[in-house]
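Undergrad: Counting from 1, position 182 in the sequence shown corresponds to residue 182 in UniProt numbering; the numbering is continuous, with no gaps.
Beta carbons: idealized from backbone N, C-alpha and C, even for Gly.
As the structure is a computational prediction, the values presented were derived from the model and not from experiment.
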Amino acid sequence: MRETTEYFAALDGFRGLLAVFVAIYHTIWLSHPNGWAFFNNGPVIIDLFFALSGFLMWRLYAEKLDSVGDARKFLKRRFARLYPLHLFMLIVFVAFAMTRLLAHKVGLAEHLPGEILPFHDGAQDNWFALLQHLTLTHTMGLSDSLTFNPPSWTIGAEFWTYIVFVCLMLWVKPKRLTHFLIIGLGVAVIYFALSRVKPDMNITYDYGFWRCLAGFFTGVLAAASFNRVRNAFSNLPGFGRTIVECVVVGASICFVIYSGGSGQFFVAPILFVFILVFAMDGGAISRFMSHPIFRYLAKISYSVYLTHVIIAIGFAILIKRLTGGLPSGWEGDAWLILYLCVVIGVSTLTYRFVELPGGRMIRNWPASEKRVANSGSSG
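#1: Which of the three DSSP states, helix, strand or coil, is assigned to threonine 204?
#2: Taking the alpha carbon of alanine 223 as the reference point, which residue from Thr139, Phe192 and Gly184 has its own alpha carbon closest?
#3: Which complete alpha helix (DSSP H) runs does the segment 34-74 hold, if anything under 4 residues is left out?
#4: How about alanine 214 and alanine 268: do their beta carbons lie closer than 8 Å?
#5: Using the rule of at least 16 other Cβ atoms within 10 Å of the residue's Cβ for burial, across every protein chain shown, is glycine 16 buried or exposed?
#6: Buried or exposed: where does tyrosine 7 fall if 16 or more other Cβ atoms within 10 Å of its Cβ makes it buried?
#7: Touch check for the segment 132-140 and the segment 49-56: three-plus C-beta pairs under 8 Å?
#8: Would you kindly work out how many angstroms separate the C-alpha atoms of threonine 218 and alanine 109, rounded to a whole number?
#9: Please look up how many angstroms separate the CB atoms of isoleucine 270 and phenylalanine 255, rounded, as I've assumed it's under 8 Å.
#10: How many whole angstroms separate the CB atoms of leucine 322 and threonine 27, which I take to be in contact at a CB cut-off of 8 Å?
#11: If you run the structure through DSSP and keep just helix, strand and coil, what is threonine 307?
#12: Would you check if the distance between the CB atom of cysteine 212 and the CB atom of alanine 157 is smaller than 8 Å?
#13: In the DSSP assignment, find the alpha helix (DSSP H) that holds isoleucine 182 and state where it starts and stops.
#14: As an exercise, report each continuous alpha helix (DSSP H) stretch of at least 4 residues that is fully enclosed by the segment 220-269, in chain order.
#15: Comparing alpha-carbon positions, which option in Ala51, Met201, Trp29 and Phe96 lies nearest isoleucine 310?
#16: Taking the alpha-carbon positions, what's the alanine 129 to aspartate 121 distance?
#17: Alpha carbon to alpha carbon, how far is glycine 35 from tyrosine 25?
#18: Within its chain, find whatever has a CB closer than 8 Å to the CB of phenylalanine 192; leave out the 5 residues flanking it on each side and keep chain order.
#19: Among Phe49, Lys73, Phe14 and Ala9, which has the Cα closest to the Cα of arginine 363?
#20: Return helix, strand or coil for alanine 109, following the three-state DSSP convention.
#21: Just to confirm the assignment, what range does the alpha helix (DSSP H) spanning proline 357 have?
#22: Taking Cβ to Cβ, would you say leucine 297 is nearer than 8 Å to valine 20?
#23: Report yes or no: do three or more beta-carbon pairs, one from the segment 140-158 and one from the segment 225-234, lie closer than 8 Å?
#24: Going by the beta-carbon positions, is the gap between glutamate 245 and isoleucine 285 smaller than 8 Å?
#25: Between the alpha carbons of residue 391 and leucine 82, how many angstroms are there, rounded?
#26: Short check: CB of leucine 181 to CB of serine 225, under 8 Å?
#27: In angstroms, rounded to a whole number, what distance separates the CA positions of leucine 168 and serine 347?
#28: Do you know offhand how far isoleucine 163's Cα is from serine 259's?
#29: Is the CB-CB distance between histidine 179 and valine 187 below 8 Å?
#30: How about valine 166 and leucine 306: do their beta carbons lie closer than 8 Å?
#31: Report yes if the CB atom of methionine 201 is closer than 8 Å to the CB atom of proline 43, and no otherwise.
#32: Cutting at 8 Å between CB atoms, please list the residues of its own chain near phenylalanine 278, excluding the five before and the five after it.
#33: In whole angstroms, what is the alpha-carbon distance linking glycine 238 and phenylalanine 50?
So, in structure tokens, the structure goes:
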């Protein structure tokens, strides 16, 4: 099963930019950006990642998942993409937890009132949570809070959503309008059900799988509609395509800012239109988002997403040690710039030395598959 070379430069650029936005959202000190309403309502940004994933998986694999063997190869590829860095960062967070325990034991850290140390009774970061992270089930409501590396809940949600996607492609192979109408109805039902059990889209460890499922299949619907609207969009003059992109970006920003609370559950139409428009790569904003800087951020975006929290924690500890408190205003901005530089630098390293070799090792395991891959590429 070979992947196509279809590439959506603007969407890829947005993926890199949004990963940086998530890193800003999770900073512990105050700066001007993380005081903006856009970042205060930031959790809904995550749904664009899910929709992008659904869009790309459909474009890459809709015609390639025809057998159980194809499904196995697909899931192995996705596991190889997700798990090495997830496992590496889990080890980092466990090491951080053990360091906290040691620091308290030898008297280097003060025990704060109400503080529960990791792996103690009542702790969120416990052995059961560790097992959930190892099995990618920490988004299934088995715990009552986020644990260890908080953003990694999306990784478990994505992987189990891939399994649903594979089953759908093998058993149904959606092609008819009726199929996609049913998928759309399913997306609407999921978002409606989530809106009845949660006040907003801050859904992670509890119903995160369902949130991911709805966002992913919103992207699938956009991918299935892509060919039908591409010609109409390409017939617009250049300035017309740019105007459409400006309207979509403006509407998306307004949605994030003003749709707090239950309004966030109407995110599907925004995701659908955003992905369709920028998949066209037709306007000035698309050209801007195709700049090599954004393409590079996209390349390391997974590392940015999984490494930034531990770096933010480290920065908060360092700042408190140096200044006696957490900064705000322009001082917070200066620390934010330094923090983002470190995040990008560390992510470059984890991409090069964890993501790539880890993924390659899983894809080539067992060794017989490596020989088959090599013989296939030489033929």
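TA: According to the structure shown:
#1: Position 204 of the sequence shown, counting from 1, holds the residue named residue 204. Of the three classes helix, strand and coil, the one that applies to threonine 204 here is coil, per DSSP.
#2: Counting from 1 along the sequence shown, the entry for residue 223 is found at position 223. Answer by Cα proximity: Gly184.
#3: 37-40 and 46-61
#4: Numbered from 1 along the sequence shown, position 214 holds the residue referred to as residue 214. Numbered from 1 along the sequence shown, position 268 holds the residue referred to as residue 268. Going by C-beta atoms, alanine 214 is nearer than 8 Å to alanine 268.
#5: Translated into the one-based positions of the sequence shown, residue 16 becomes position 16. Label assigned to glycine 16: buried.
#6: Along the sequence shown, read from residue 1 onward, the residue named residue 7 stands at position 7. Per the 10 Å Cβ criterion, exposed.
#7: no
#8: Against the sequence shown, residue 218 aligns to sequence position 218. Against the sequence shown, residue 109 aligns to sequence position 109. Rounded to whole angstroms, threonine 218 to alanine 109 spans 47 Å at the Cα level.
#9: For this step, residue 270 is matched to residue 270 along the sequence shown. For this step, residue 255 is matched to residue 255 along the sequence shown. About 5 Å; that satisfies the 8 Å criterion.
#10: For this step, residue 322 is matched to residue 322 along the sequence shown. For this step, residue 27 is matched to residue 27 along the sequence shown. Leucine 322 to threonine 27, Cβ: 16 Å. No contact.
#11: Position 307 of the sequence shown, counted from the start, is the residue given in the question as residue 307. Helix at threonine 307.
#12: What you label residue 212 is simply residue 212 of the sequence shown in a count that begins at 1. What you label residue 157 is simply residue 157 of the sequence shown in a count that begins at 1. Closer than 8 Å, so yes.
#13: By one-based count along the sequence shown, residue 182 stands at place 182. Note, isoleucine 182: alpha helix (DSSP H), 177-197.
#14: 238-258
#15: Indexing the sequence shown from 1 puts residue 310 at position 310. It is Phe96 whose Cα lies nearest to the Cα of isoleucine 310.
#16: As a working mapping, residue 129 is identified with position 129 in the sequence shown. As a working mapping, residue 121 is identified with position 121 in the sequence shown. So the alpha carbons of these two residues sit roughly 13 Å apart.
#17: As a first step, residue 35 must be located in the sequence shown, where it is residue number 35. As a first step, residue 25 must be located in the sequence shown, where it is residue number 25. Roughly 9 Å separates the two Cα atoms.
#18: In the sequence shown, the residue the question calls residue 192 occupies position 192. Only Phe265 meet the Cβ criterion.
#19: Numbered from its first residue, the sequence shown carries residue 363 at position 363. Measuring from the Cα of arginine 363, the nearest candidate turns out to be Lys73.
#20: For this step, residue 109 is matched to residue 109 along the sequence shown. Alanine 109: coil per DSSP, three-state reduction.
#21: Along the sequence shown, read from residue 1 onward, the residue named residue 357 stands at position 357. From DSSP, the alpha helix (DSSP H) with proline 357 extends over 356-363.
#22: Taking the first residue of the sequence shown as position 1, residue 297 is located at position 297. Taking the first residue of the sequence shown as position 1, residue 20 is located at position 20. Yes, these two residues count as a Cβ contact at 8 Å.
#23: no
#24: By one-based count along the sequence shown, residue 245 stands at place 245. By one-based count along the sequence shown, residue 285 stands at place 285. In contact: glutamate 245 and isoleucine 285 (Cβ atoms closer than 8 Å).
#25: An answer regarding residue 391 cannot be provided, because it is not within the stretch 1 to 379 covered by the chain.
#26: In the sequence shown, residue 181 corresponds to position 181, counting from 1. In the sequence shown, residue 225 corresponds to position 225, counting from 1. No, Cβ-Cβ distance for leucine 181 and serine 225 is not below 8 Å.
#27: Position 168 of the sequence shown holds residue 168. Position 347 of the sequence shown holds residue 347. Each residue's alpha carbon lies about 34 Å from the other.
#28: For this step, residue 163 is matched to residue 163 along the sequence shown. For this step, residue 259 is matched to residue 259 along the sequence shown. So the alpha carbons of these two residues sit roughly 31 Å apart.
#29: Here residue 179 is taken as the residue at index 179 of the sequence shown, counted from 1. Here residue 187 is taken as the residue at index 187 of the sequence shown, counted from 1. Cβ distance not < 8 Å, so histidine 179 and valine 187 don't count as in contact.
#30: Working through the sequence shown from its first residue, we reach residue 166 at position 166. Working through the sequence shown from its first residue, we reach residue 306 at position 306. Going by C-beta atoms, valine 166 is not nearer than 8 Å to leucine 306.
#31: The count along the sequence shown starts at 1 and reaches residue 201 at position 201. The count along the sequence shown starts at 1 and reaches residue 43 at position 43. Yes, they are a contact pair.
#32: Taking the first residue of the sequence shown as 1, we reach residue 278 at position 278. Phe8, Ala10, Leu11, Phe14, Glu245, Val248, Ile285, Ser286 and Met289, listed in sequence order.
#33: Numbered from 1 along the sequence shown, position 238 holds the residue referred to as residue 238. Numbered from 1 along the sequence shown, position 50 holds the residue referred to as residue 50. Going by the C-alpha atoms only, they are around 29 Å apart.
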